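One structure below.
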Amino acid sequence: MAVYEYTCRTCGPFDARHPIGQAPERAACEGCGAAAARRFSPPAVRQVTPGLRRALDAQEASAHEPRVVRR
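For the sequence shown, UniProt numbering puts the final residue at 71, and the numbers step up evenly by one.
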């Protein structure tokens, strides 16, 4: 489920959850029940420092490709 933004002309913006790729262009406003148009906004993308990015990449790689340890 993803969160989609809608704007009602009377009540203003609100969020609604729908399956990814199945959000309708219009949804009923939670406040007044009127048809509200879907808003499009940029995704929330985190800003990560290069050092943290390397650490996260190494952690992810070790989870999928652990090193073989020999005794």
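Note that the Cβ used here is the ideal one computed from N, Cα and C, for glycine as well. Model, not experiment: these values are computed from the prediction.
Unbroken beta strand (DSSP E) run spanning residue i, endpoints
i, result
"residue 32", "Here residue 32 belongs to no beta strand (DSSP E), and DSSP marks it neither H nor E."
"residue 5", "2-8"
Neighbourhood of residue i by C-beta distance below 7 angstroms, restricted to the same chain and skipping five residues each side
i, result
"residue 53", "none"
Per DSSP, cross-strand counterpart(s) of residue i
i, result
"residue 16", "4"
"residue 39", "5"
8 angstroms contact criterion, which residue i and residue j should meet: CB distance rounded
i, j, result
"residue 148", "residue 16", "The question about residue 148 has no answer here: the residues shown for the chain are numbered 1 through 71."
Alpha-carbon spacing of residue i relative to residue j, whole angstroms
i, j, result
"residue 57", "residue 12", "40 angstroms"
"residue 43", "residue 60", "23 angstroms"
"residue 21", "residue 55", "32 angstroms"
"residue 41", "residue 3", "11 angstroms"
"residue 70", "residue 48", "35 angstroms"
"residue 14", "residue 23", "14 angstroms"
Own chain residues within Cβ distance below 8 angstroms of residue i, not counting five before or after
i, result
"residue 37", "6, 7, 25, 26"
"residue 9", "34, 36"
Residue i beta carbon near the ligand FMN (any heavy atom closer than 6 angstroms)
i, result
"residue 41", "Looking at this structure, you won't find the ligand FMN or any other ligand, since it has none at all."
Sequence-distant residues of the same chain with beta carbon closer than 6 angstroms to residue i, five excluded per side
i, result
"residue 32", "10, 11"
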